[in-house]
Every structure is written in structure tokens, then in C-alpha cells.
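Here the sequence shown is numbered in this note's numbering, starting from 238 and rising by one per residue.
Everything below concerns the one structure shown next.
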Amino acid sequence: MIGDAERTLMSTIERRLVGHLKDAHALQEHAEAALSEMLTAAADEPELCRPLGHYAERSRAYTRAIEARLHAHGSSPSIARDAGTLLASVLEGGIGHGHRDPVRHMRDAYVAVHLQIAAGETLRRLADRAGDGETAVVAAAMCEDAHAISHELSDRWDLAVDMSLRARQAPPAGDGR
């Protein structure tokens, strides 16, 4: 039989887990916005668009999976948290839309992916402690994919700089200037 102390601990872990699920949902929304901006900036670069497009699809699937986990815990995404992160994304990406440097889009996508990793790692550990294996599996998969796209982005910083220079009509690397 579960004692009061154990019940209180589980209730605390459950509340924390739900709070972190809501955070993860908001960060997923933010990452999707940052990836969308990067995809727009890289529309003419299949080397960058292809992996970003695949990741954006998987990211949307994780957002839906997080929503399902929230519902399983009798909760739903936080409108305030989602709105806050989406507003931040709009402000980051929308000011001077069409005139932002592709390197800045890349930076924002890279940061957003690392926020997803941090959220997923925390979520997985909390889910394990709460005995929620389904959420732990979602969080682990989310982290694995985020790590993979992080490496893809890391390998393409030179491409982002070249895109930026082309956008500004500057010579690419190796032109001796």
C-alpha cells in the first residue's frame, strides 16, 4: 500500500512532468518556427533543405506525440507558453522578414534544436522517475533526432555563410579578397 509520503512524491513528480511536457510543447513550436524560417532562407539549397525538411516533419510528429502525452496526463498544451515562444519566434524571424541574414536563420535553428535536446533530456528523466515509459520513449526519440539534425547543421555553417555572402552580393570563399 502506498503511504502519504509516496503519494505526495508521485503527485509532485506528476506535476513536474506535466509542466515539462508543456515546456517541451512550447519549445517544439518555437523550433518549428525557426526551422520554417531556415527552410525559407535555404529554399535554393537542397543540401540544406532536404535534411531540414525531413526533420521538420518529424518535429511536427513529436509535437503531436507530446500533445497526446499531455492528454494522457489529463492536461493540454499551455496557451500562454506556446504563445510566448511563438511570439519570440515571430519577433526573431519576422522583423525585417526577407532581409535577415541566412546565417542568423541558421543560428536560430541551431539554438532551437539544442533547446529541444535540453527539454527532451529533462523530460525523459522525469518520465522515467514518474514511471511514464511512453513519455520517456517520445522524449528519447525526440533527442535522438535533434542530435542528428544538430550535426547536419554543424556540417553546413560554410554553406550558410556562402548563402549570406551571395545574398549580400559578396564574393564566396576562395576569391582572394
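Note that CB positions come from ideal geometry on N, CA and C, so glycine has one too.
Computed from a prediction, not measured in an experiment: that's the story for all the values here.
Within the stretch 331-383, the complete alpha helix (DSSP H) runs of at least 4 residues fall at 339-367. Leu352 is the residue among Val340, Gly370, Arg341 and Leu352 whose C-alpha sits nearest the C-alpha of Ser296. By the Cβ criterion, the stretch 286-293 is not in contact with the stretch 256-263, since fewer than three pairs of Cβ atoms, one from each stretch, lie closer than 8 Å. The three-state reading of DSSP puts Asp392 in coil, since its state is none of H, G, I, E or B. Look at Ala280 here: in three-state DSSP terms it is coil, with no helix or strand label.
A residue is called buried when at least 16 other Cβ atoms come within 10 angstroms of its Cβ; His308 does not meet this threshold and is exposed. In the structure shown, Pro288 adopts helical secondary structure according to DSSP, grouped into three states. Between Ala404 and Asp338, the C-beta gap is smaller than 9 Å, which places the two residues in contact. Only exposed fits Ala305, as fewer than 16 other CB atoms lie within 10 angstroms of its CB. Cβ contact annotation for Ile303 (same chain, cutoff 7 Å, sequence separation greater than five): Leu258, Ala261, His262, Gln265 and Val375, in chain order.
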